[in-house]
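Quick notes on the structure that follows.
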Amino acid sequence: MYYNSGNYEAFARPKKPANATKKSAYIVGAGLAGLAAAAFLVRDGQVPGNQIHVFEELGLPGGSMDGILNEQRGYIIRGGREMEPHFETLWDLFRSIPTLEDASVSVLDEFYWLNKADPSNSHTRVIEKRGNQLASDGQLTLSRKAIEEIAKLVLTPENQLDNVKINQVFSDDFFKSNFWLYWSTMFAFEPWASAMEMRRYLLRFVHHVGTLQNMSALKFTKYNQYESLIKPLIKYLEDHDVKFQYNTTVDNIIVEQTGEQKQAVKIELTIDGNQQSLDLTPDDLVFITNGSITESTTYGDNEHSAPATHPIGASWKLWEKLAAQDSAFGHPAKFYQDIPAANWVMSATCTFKDDRIVPYIQKITGKDPYSGSIVTSGPVSIRDSNWLLGISISRQPHFQQQKPNELIVWLYGLFSDQPGNYIHKKITDCSGAEICQEFLYHIGVPENQIAEIAQTANSIPIHMPYITSYFMPRQAGDRPLVVPEGSSNLAFIGNFAETERDTVFTTEYSVRTAMEAVYRLLDIDRGIPEVFDSAFDLRTILSALYYLNDKKSLTELPLNQIEKIGLNAFLKKVHGTYLEEILKSQKLL
Numbered sequence: 000m001y002y003n004s005g006n007y008e009a010f011a012r013p014k015k016p017a018n019a020t021k022k023s024a025y026i027v028g029a030g031l032a033g034l035a036a037a038a039f040l041v042r043d044g045q046v047p048g049n050q051i052h053v054f055e056e057l058g059l060p061g062g063s064m065d066g067i068l069n070e071q072r073g074y075i076i077r078g079g080r081e082m083e084p085h086f087e088t089l090w091d092l093f094r095s096i097p098t099l100e101d102a103s104v105s106v107l108d109e110f111y112w113l114n115k116a117d118p119s120n121s122h123t124r125v126i127e128k129r130g131n132q133l134a135s136d137g138q139l140t141l142s143r144k145a146i147e148e149i150a151k152l153v154l155t156p157e158n159q160l161d162n163v164k165i166n167q168v169f170s171d172d173f174f175k176s177n178f179w180l181y182w183s184t185m186f187a188f189e190p191w192a193s194a195m196e197m198r199r200y201l202l203r204f205v206h207h208v209g210t211l212q213n214m215s216a217l218k219f220t221k222y223n224q225y226e227s228l229i230k231p232l233i234k235y236l237e238d239h240d241v242k243f244q245y246n247t248t249v250d251n252i253i254v255e256q257t258g259e260q261k262q263a264v265k266i267e268l269t270i271d272g273n274q275q276s277l278d279l280t281p282d283d284l285v286f287i288t289n290g291s292i293t294e295s296t297t298y299g300d301n302e303h304s305a306p307a308t309h310p311i312g313a314s315w316k317l318w319e320k321l322a323a324q325d326s327a328f329g330h331p332a333k334f335y336q337d338i339p340a341a342n343w344v345m346s347a348t349c350t351f352k353d354d355r356i357v358p359y360i361q362k363i364t365g366k367d368p369y370s371g372s373i374v375t376s377g378p379v380s381i382r383d384s385n386w387l388l389g390i391s392i393s394r395q396p397h398f399q400q401q402k403p404n405e406l407i408v409w410l411y412g413l414f415s416d417q418p419g420n421y422i423h424k425k426i427t428d429c430s431g432a433e434i435c436q437e438f439l440y441h442i443g444v445p446e447n448q449i450a451e452i453a454q455t456a457n458s459i460p461i462h463m464p465y466i467t468s469y470f471m472p473r474q475a476g477d478r479p480l481v482v483p484e485g486s487s488n489l490a491f492i493g494n495f496a497e498t499e500r501d502t503v504f505t506t507e508y509s510v511r512t513a514m515e516a517v518y519r520l521l522d523i524d525r526g527i528p529e530v531f532d533s534a535f536d537l538r539t540i541l542s543a544l545y546y547l548n549d550k551k552s553l554t555e556l557p558l559n560q561i562e563k564i565g566l567n568a569f570l571k572k573v574h575g576t577y578l579e580e581i582l583k584s585q586k587l588l
């Protein structure tokens, strides 16, 4: 397996791998990673679809890529996915997946046309004082000290950041900045999260520093992620005769080791309550989704909070059993045990029919939420919310079944251990109506209307105990390699598998690990699109410097006398050169 960039390999089709027709595949988990693995086995591996088997614990596919109209509860969105143009493997996959409405149009085509016609652009990124835009919204407000701390982290090799937390590498100067407010609420980072992952994010998304304040770089699906991405992918796989086995829990996978070689030889599973086993041959490939951020999710309703107690999920139990066989299979406890109580665990889906909230949304977003255009373009964050409440309103309708008079708002609170400003309870203890009231208070709805509007809405609180487990501080070896050293037929896929440079909590990471796993185990001779190389582009780095300093040129920076002398000498040296042209193109001169 190797990486590549550019159109030469992007548009090429690989030859059929040797013995592809003899291979069978068993995929644990029908989330995006598992479905992507199946699609790459079909498209690039040319493995017969009826020899590909997907085991799913739940009664439907999609994993964390959800969005559903539940007959008892109503509309439910546990979370959303922010996407961008340089999710290289994601778009490599979905260029081949037809939409459900028109088989001649790919999911990528639909996505591309839609986001051209209705681009993302946030009118207001941060509010405070009950619906008023933050006075400094649009500025990153980073001090020189904070910028130097960012640079120092980026320049620190990853192997020096084992188990280091973000708040161990940044000072209060950084955490007081709008940059951190934008960054943490957009990506769900908390101060005690992994500095290693923070560094990866800074490098991976350096090309977005200039759009943090308006989120114009983001792209969104037509409907929720399940209907727009998962359902077309499922149809593609079913049309190719891929076999799905729902209500199936994989309890263990027995791996035999001979010297340095590892081979999966048996799958132990429970189907509809009945224990079974499946013996494997060297031609049987196994792809494991280890761990899950939405495992053990619980739900409340308008009158009740979501239960906080939960059993350990099957995906974690399976990973523990695998890790007990070989330390090369990672250390799952690092991610799902000892999660800080303050971590984000709660979201809520609110469905409104009362138009009294519309003027308050219009004031904040500058958009009519019923226009069909994207409304918030990602999160609107409430700076003075004790929960650090975030608001996201997608294009309406967000569900194909949604009625014209229904407005769906997704809420999340990054701090779970603080009482609310209006509802003086922790978000984890709140019913749906109480979370809704807190939201209505912060957007400026008069207090004498809050309870009535919240009671007529349908708000579903959602407790996700592992939602930020990707970001737990870690070290090398805590996540297994996509294909562990010596493994002949077993691979790990999803955001708890280890691949270089890319960032977790993204659709891209799920698809990338799936693509790498399939290409490695089948020895497919085509380059995998490398992680977008913006961190190696001098223009991008210089542009980031311009925006980190709130659009100051080099001569406008707060330099001391010695630094000014040095800068003037440098500018004289580069005058009339190509380097001067680059500096001018990135607005530093």
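The opening position of the sequence shown corresponds to residue 0 in our numbering, with each subsequent residue numbered one higher. Note that beta-carbon positions come from the ideal geometry of N, C-alpha and C, so glycine has one too. In this text, all values refer to a predicted model and were calculated from it rather than measured experimentally.
- Annotated three-state conformation of Ile51 is strand, per DSSP.
- Under the criterion of beta carbons closer than 8 Å, Phe491 and Leu268 do not qualify as touching, at roughly 18 Å.
- For the pair of segments examined, the segment 444 to 457 was found not to touch the segment 468 to 483: the number of CB pairs separated by less than 8 Å stays below three.
- In the DSSP assignment, Glu127 forms a beta bridge with Asn131.
- At least 9 Å separates the beta-carbon of Arg500 from that of Glu196.
- With contacts defined by Cβ atoms closer than 9 Å, Phe188 and Tyr200 form a contacting pair.
- Per DSSP, the unbroken beta strand (DSSP E) holding Glu267 starts and ends at Gln260 to Ile270.
- The C-alpha of Ser468 is placed about 13 Å away from the C-alpha of His330.
- Spatial neighbours of Lys164 in its own chain (CB-CB distance under 8 Å, excluding positions within 5 residues in sequence) are listed in chain order as Pro190, Trp191, Ala192, Ser193, Ala194 and Pro472.
- Taking 9 Å as the cut-off, the Cβ atoms of Tyr359 and Pro460 do not count as close.
- A contact is defined here as three or more CB-CB pairs under 8 Å, and the segment 229 to 243 meets this definition with respect to the segment 41 to 60.
- Of the other Cβ atoms in all chains shown, fewer than 16 fall within 10 Å of the Cβ of Phe10; this residue is therefore exposed.
- Taking every protein chain shown into account, the CB of Thr20 has fewer than 16 other CB atoms within 10 angstroms, so this residue is exposed.
- Comparing alpha carbon positions, the residue from Trp112, Glu127, Glu70 and Ser119 closest to Trp386 is Glu127.
- Going by beta carbons, His309 and Ser291 fall outside the 9 Å limit.
- Close CB contacts of Gln132 within its chain, under the 8 Å cut and outside five residues either way in sequence, are with Thr123, Val125, Ile126 and Ile363 (chain order).
- If you ignore the 5 residues before and after His52, its C-beta comes within less than 6 Å of the C-beta of Tyr25 and Lys242, all in its own chain and listed in chain order.
- Going by beta carbons, Gly30 and Lys261 fall outside the 9 Å limit.
- Within its own chain, the residues whose Cβ lies closer than 6 Å to the Cβ of Ile67, once the five positions on either side in sequence are excluded, are Ile75, listed in chain order.
- Take the alpha-carbon of Ile527 and the one of Met185: they are about 28 Å apart.
- Looking at the DSSP output, Lys425 bridges to Pro418.
- Distance from the CA of Trp182 to the CA of Leu113, rounded to the nearest whole angstrom, comes to 26 Å.
- Ala24 is bridged by DSSP to Ile51 and Leu284.
- Bridge pairing for Met82: Lys218 [DSSP].
- Looking at the DSSP output, His462 shares a beta bridge with Thr297 and Met345.
- According to DSSP, Lys164 shares a beta bridge with Ser193.
- Contact annotation: Leu588 and Thr554 have beta-carbon atoms nearer than 9 Å.
- Fully enclosed beta strand (DSSP E) runs of no fewer than 3 residues occupy 379 to 381 of the segment 362 to 388, in order along the chain.
- With fewer than 16 neighbouring CB atoms inside 10 Å of its own CB, Lys572 falls in the exposed class.
- DSSP, reduced to helix, strand and coil, places Ile311 outside both helices and strands of the structure shown, so it counts as coil.
- For the pair Leu566 and Pro445, the Cα-to-Cα distance works out to about 54 Å.
- Around the C-beta of Ala102, fewer than 16 other C-beta atoms lie within 10 Å, and the residue is accordingly described as exposed.
- Excluding sequence positions up to five before and after Thr375, its CB lies within less than 7 Å of the CB of Ser121, Thr364, Ile390, Ser391 and Ile392, all in the same chain and listed in chain order.
- Of the residues Arg511, Phe173, Asn158 and Ser23, the one whose Cα lies closest to the Cα of Gly476 is Asn158.
- Three or more beta-carbon pairs drawn from the segment 531 to 549 and the segment 201 to 208 are found closer than 8 Å, and the two stretches are therefore classed as touching.
- With a threshold of 16 other beta carbon atoms within 10 Å, His303 falls short and is exposed.
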